[in-house]
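Enquirer: One structure, pasted below without further comment.
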Amino acid sequence: MLAIKLKRIGKKHQPSFRIIVIEKRHKIFGRFIEDLGWMDPKAHAAEINKERALYWVGVGAEPTDTVHNLLIKEGVLEGKKIPVHNKPKKGEGNASAAPAAPEAPKAPEAAA
238 MLAIKLKRIG KKHQPSFRII VIEKRHKIFG RFIEDLGWMD PKAHAAEINK ERALYWVGVG
298 AEPTDTVHNL LIKEGVLEGK KIPVHNKPKK GEGNASAAPA APEAPKAPEA AA
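Each residue of the sequence shown is one higher than the one before, starting from 238 at the first, in this note's numbering.
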């Protein structure tokens, strides 16, 4: 399965990202299929090849949540953005709600 991901490039404390198409289970710094553009979060700038991004989404490549939001912002996709900061971590589930304790069995009532 293919994924559209961000690959971090740049020096320490100067992040910039490449938007790439890669196999979902491959390492992010391994060989990728295609480079779709770039993003600079400090300058709030990005450039995406819209035609190629639409092609890969049409073929079945799934963008990560951050890339999905970036594609919506740049006008490549339409829809709602996905909240990325309020997600529970793996294995935690809903940590804020305490599990309900099972009820104790009731004693049978005596017939009068």
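All C-beta atoms, glycine included, are put in the ideal place defined by N, C-alpha and C.
Might you give, ordered along the chain, the residues of its own chain that have their beta carbon closer than 7 Å to the beta carbon of residue 256, omitting 5 neighbours on each side?
Expert: As a position in the sequence shown, residue 256 is number 19, starting the count at 1. Taken in chain order, the residues that qualify are 241, 243, 273, 274, 275, 276, 285 and 304.
Enquirer: Which residues mark the beginning and the end of the beta strand (DSSP E) in which residue 258 is found?
Expert: Locating residue 258 in the sequence shown gives position 21, counting from the first residue. Residue 258 -> beta strand (DSSP E) spans 253 to 260.
Enquirer: On a CA-only basis, which of 248, 250, 283 and 291 is nearest residue 315? Give me that one, please.
Expert: In the sequence shown, counting from the first residue as 1, residue 315 sits at position 78. The residue from 248, 250, 283 and 291 with its alpha-carbon nearest to that of residue 315 is 291.
Enquirer: Report all residues from its chain with a CB closer than 6 Å to the CB of residue 254; omit the five preceding and five following residues, and keep chain order.
Expert: Residue 254 sits at position 17 when you count from the first residue of the sequence shown. Same-chain partners within the cutoff: 243, 245 and 276.
Enquirer: Tell me which residues share the same chain as residue 282 and place their Cβ nearer than 8 Å to its Cβ, disregarding the 5 neighbours each side in the sequence.
Expert: The residue you call residue 282 lines up with position 45 of the sequence shown. Hits under 8 Å: 276.
Enquirer: In chain order, which beta strand (DSSP E) runs of at least 3 residues are fully inside the region 248 to 311?
Expert: 253 to 260, 271 to 277 and 282 to 285
Enquirer: For the candidate residues 260, 278 and 280, whose alpha-carbon lies nearest to that of residue 271?
Expert: For the purposes of this step, residue 271 is taken as residue 34 along the sequence shown, with counting starting at 1. Among 260, 278 and 280, the Cα nearest to that of residue 271 is on 260.
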